[in-house]
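Numbering (mature numbering (1 follows the signal peptide of the UniProt record, and there is no 0)), first residue to last: -19 to -1, 1 to 792.
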C-alpha cells in the first residue's frame, strides 16, 4: 500500500459535513516532528485533526500529525524548516504548505516564508521590536499578518511585494527579493513549474501523466515522485528547454507548452562547484575539452552543430563561453564539440571527492560457485545485513544514505560508521525490527525493505513450499505465515512481537476504539483476538493489546516462503555490476537462469540469445531465425555459464516449432521438443503485464555471450546494467533520430562503453520490480556496439503479451 492509498483509506473515516481541505498541506508518511509547542487532542480522522489545527488559538498551528490507530492528533507550532524529523511507524505528518514555501504569489500578501533580509542584504528588524524603528505594523496591531520574528511580510498589500523594517537606522524599510511561485509563470526552464496549464503551444489538450493512451510513455508519476506529474498539467521532467506534455492527438506524441517566464529572480540554486559533485549539474568550472580531447563549441553558437541548449533556453545553467556543463540532467557535464564528426561528448571533470568514486569491478577471475539463495535474507533483526537490496516493501527505491534529498536525516555513514551505510542499500543502523531505508518518494519518509528473515539453518529457503521461515514450525495445510503486508493473513497468532496478548477486536476494554471492529470491517477477518491488518499497514498485522498503557502493537508473523523456483527469482544473487555484452562484467554463474543459448542443431555453435519464459517456451528475436525456417535446424542450451564447456547441469533441447510475430516485429517464440527441467540453474523469467511501460531511467540488466570487443570475459556469460531511456529522448536528433518505434524501447549509457552486441541478439533485458526480474525487452538492434549516443534498441515485450500467451495456449 503506497502513501496515497493510506490517505484514501483514512479519508473513508472522515466525518461528513466538516469540509476542511487538505490541499494546503504537504503530507509525509512515517514522519514525526519534534516540536516544543504542541497539543495532543483526540481526533477520529485526518479532517478532524486539520480542523483542530485551524481552530487553535493558543499558538499558530503550522503542522499536525495523525496517529490513525490511536485516533490521536498532535497539533504543533513548528514545521520541518524549524524542527527536526524522526521516523515513526503509523504516523502521517501534515505541514501547512504556506509555511514551507519560499516564494510569493502575486504581491505576496500571503507569503509566510523565512526570508529575513532586504534585497540589498540588510537584516530585517523584528516586527515586535521598537528599535531602531518604531513600527506601524506589529504582531499586536495586525495579528493575522504573520508578523513573527523578522521575516519579510506584506501587511499593507504593497504592490511591490513583501518588505520589512531594517536594522539600518538610516533606512526605515526596504523590499525583499522573494521569487515568484511557479504557478502562473516559470523560472529557468520550468523544471519546478507547478501551474495548471494543460494545453500545448498549438492548442492541443495534454494527456494525463498517469495515462498510457493515446501515447505509451515512461514518465510514470509513481516512479517520479519528485517531478510533480499531476493530472495533465505541463511539466518538464527530462531537461527540455521548457515544460511540455504528451498530447491527446494520436498523431502528435508531445509538444511544448507556452508558459511565460517569471519577472522576479529565480530561487537560489544552491552551492556551485569547481569539481564534479553528483551528476555535475552544479559544476561551474572552466574545463572546455571533452574526454577524447576535442574542444567544446560555445553554447551561444550554432556552428558546427545546431542545437537548442542555448543560454536563452537554459538561463539558469550558466552556459557561458564553451565550458562543460550539464543543463539537462545528463549523467555528467558535457558539451557540443568543434569537430563536425562528433556532435557532443562528456567531459572529464575531476571529482570533488576522489574516494566517492565507485571501485572498478575486476574481471580478472571467474567467481567461484555462489551460495544458492532465492532472495537475499537477513539474520535476526538484520543489523548484520550487508546485501545489495535497495527496494522497500511497497516497491519504492531507497534514498542514498549520504543524500539529504528528498529526506534530511542523521543516519549517515559518519554518524554510524559500523552500520554498512553504503550506496542506497537496505540497512538497520538503529536496531529496528528489520532492514529499512529512507525512500526517494518525498511523501513517504521511510519503509522496511522487501527482504525475508533467513531460516535458522542459515539459508533463506525452507525445504517445502509455503512453510513459514521460523524454527520449529510444522508444515500444515494452513501454515501460520503471511504474504506481502499480511492484509489477507487469517492465522491464529494472538500476541504482539513483544509477547503481549491481543485484545479481542469486538472488545472495548482496556482500549476503546471504533474504526476497526468486526461490524465496521466485516471482511477483515477480525475474529477473536487474532493479529490482523485491516488497514493495509505496510508494517504488517497488528492488534490492540491487553496492556492498558499500550494501545496497539505489531505482531511477528513469519513470511511464507513461495513455491520453489518462482519465475524471475534466481537462486544465485546476481552481481548487478554497475554499467560501464561490451564493457560489462562476468556474471555470477547461474544468476540469470532464464538465459538460453540458441545454436544450430548440428554444429552446436552459439549465434543468438533468448529467454526461457515457461518450461516449454523460449522468446527470442525474429531476426535470429533467418538462417532457416525449419525448427529442426535449431536447439536451445539452458543452464550454461561457459559458452563452450557444457557441464552436467546443462540441458540441450531441440526446437519443435517456430512462431514469428505476425506483424513482422522482431520477436519470435520457440516451442521446445520437451519441457525443460526447472532446477536452481534453469528458471523462467516473468512476463510483464500487458502494455506495461518501463519508467525512464529504470536500471535494467542485459546478459549474453556476444561479442566483447576485446573486453574480458569472452566465452563466459556477461551482464551489464543499463538505464532505460524514454523513447521521446531516445528519438532526439543526436541519438537515434526518430528510428525507435512505440513497440520498442531504448536502454544504454549515452557515453558508450556498455551495450549488447552481435551474439546477444534475442537475449533478455530484465528489470527488477519489487521482488523479481521481469522480461521487458528482447535484444533487437543498434547502430554499432557501445557507441556514444547510440543506445541499444529492444522489442518491448509488454506490447506482445497477448500474442505470446495466445500462441502458448493454442499450441
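For each residue, glycine too, the CB sits at the ideal point set by N, CA and C.
Predicted, not measured: the structure shown is a model, and the values here were computed from it.
Which residue marks the beginning of the beta strand (DSSP E) containing residue i, and which one marks its end?
i           : result
residue 6   : 6 to 14
residue 787 : It is not in any beta strand (DSSP E) - residue 787 instead sits in the alpha helix (DSSP H) that spans 782 to 791.
residue 776 : 773 to 777
residue 19  : 19 to 23
residue 684 : 680 to 685
residue 48  : 44 to 48
residue 580 : 576 to 581
residue 587 : 587 to 595
residue 599 : 598 to 601
residue 619 : 615 to 619
residue 762 : 753 to 762
residue 667 : No beta strand (DSSP E) holds residue 667; DSSP gives it neither H nor E.
Measuring only the C-alpha atoms, how far is residue i from residue j?
i           : j           : result
residue 171 : residue 222 : 8 Å
residue 8   : residue 76  : 6 Å
residue 616 : residue 773 : 26 Å
residue 780 : residue 396 : 48 Å
residue 742 : residue 602 : 7 Å
residue 611 : residue 272 : 49 Å
residue 96  : residue 372 : 38 Å
residue 353 : residue 660 : At residue 353 the pLDDT is 43, less than 50, meaning the model places this residue with poor confidence; the figure from the coordinates comes in the next sentence. Distance between the alpha carbons of residue 353 and residue 660 is about 12 Å.
residue 788 : residue 548 : 19 Å
residue 30  : residue 10  : 15 Å
residue 313 : residue 306 : 8 Å
residue 361 : residue 408 : 13 Å
residue 486 : residue 4   : 34 Å
residue 295 : residue 533 : 53 Å
residue 785 : residue 745 : 15 Å
residue 510 : residue 523 : 10 Å
residue 229 : residue 218 : 19 Å
residue 720 : residue 707 : 13 Å
residue 800 : residue 598 : Residue 800 is absent from the structure shown; the chain starts at -19 and stops at 792.
residue 311 : residue 484 : 55 Å
residue -18 : residue 413 : Model confidence at residue -18 stands at a pLDDT of 40, short of 50, so the residue's coordinates are unreliable and nothing is read from them.
residue 383 : residue 333 : 15 Å
residue 478 : residue 512 : 11 Å
Relative to the C-alpha of residue i, which candidate in the options has its C-alpha closest?
i           : options               : result
residue 19  : 25, 33, 756 and 29    : 33
residue 800 : 682, 511 and 208      : Absent from the model: residue 800. The displayed extent of the chain is -19 to 792, so no value can be given.
residue 379 : 404, 276 and 329      : 404
residue 574 : 40, 377 and 595       : 595
residue 267 : 303, 40 and 369       : 303
residue 762 : 776, 368, 749 and 498 : 776
residue 624 : 699, 721, 467 and 645 : 699
residue 374 : 466, 329, 22 and 300  : 466
residue 162 : 179, 181, 180 and 142 : 142
residue 60  : 53, 52, 82 and 51     : 82
residue 71  : 49, 276, 80 and 791   : 49
residue 366 : 321, 193 and 434      : 434
residue 377 : 428, 411, 368 and 291 : 428
residue 686 : 649, 626, 186 and 494 : 626
residue 727 : 682, 368 and 469      : 682
State the CB to CB distance for the pair residue i and residue j, rounded to an integer number of angstroms; the pair is presumed to be in contact (CB under 8 Å).
i           : j           : result
residue 724 : residue 590 : Between residue 590 and residue 724 the Cβ distance is about 20 Å, and since that is not below 8 Å, they are no contact.
residue 42  : residue 105 : 24 Å between Cβ atoms; not a contact.
residue 600 : residue 639 : About 12 Å separates the two Cβ atoms, so there is no contact after all.
residue 580 : residue 571 : No, residue 580 and residue 571 are not in contact; Cβ-Cβ is about 19 Å, not under 8 Å.
residue 167 : residue 156 : So it is not a contact: roughly 23 Å between Cβ atoms.
residue 482 : residue 475 : 7 Å
residue 136 : residue 118 : 4 Å
residue 199 : residue 676 : 5 Å
residue 178 : residue 238 : 6 Å
Over what stretch of residues does the alpha helix (DSSP H) that includes residue i continue unbroken?
i           : result
residue 81  : 78 to 81
residue 139 : Note, residue 139: premise wrong, no alpha helix (DSSP H); not H, not E.
residue 27  : 27 to 36
residue 709 : 708 to 711
Please confirm whether residue i has its beta-carbon closer than 8 Å to some beta-carbon of chain B.
i           : result
residue 249 : Absent from the structure: chain B. Only one protein chain is present.
Take every Cβ of the region 414 to 427, pair it with every Cβ of the region 385 to 404, and state whether three or more of those distances are shorter than 8 Å.
Judged by Cβ distances under 8 Å, the region 414 to 427 makes contact with the region 385 to 404, as three or more pairs qualify.
Is the region 226 to 245 touching the region 277 to 289 in the sense that three or more CB pairs, one from each, lie closer than 8 Å?
The region 277 to 289, when compared against the region 226 to 245, does not touch it at the 8 Å Cβ threshold.
If we count Cβ pairs, one from each stretch, closer than 8 Å, do we get three or more for the region 741 to 758 versus the region 663 to 677?
Cβ pair count under 8 Å is three or more, so yes.
Does the contact criterion of 3 or more C-beta pairs under 8 Å hold for the region 246 to 264 versus the region 209 to 218?
Pairwise C-beta distances place the region 246 to 264 out of contact with the region 209 to 218, as fewer than three of them are shorter than 8 Å.
I'd like to know if the region 57 to 77 and the region 136 to 154 are in contact, where contact means that at least 3 CB-CB pairs between them fall below 8 Å.
Under the Cβ criterion (8 Å, minimum of three pairs), the region 57 to 77 does not count as touching the region 136 to 154.
Closer than 8 Å is the cut-off here; do at least three beta carbon pairs connect the region 517 to 536 with the region 626 to 637?
Between the region 517 to 536 and the region 626 to 637 there are fewer than three C-beta pairs closer than 8 Å, too few to call the two in contact.
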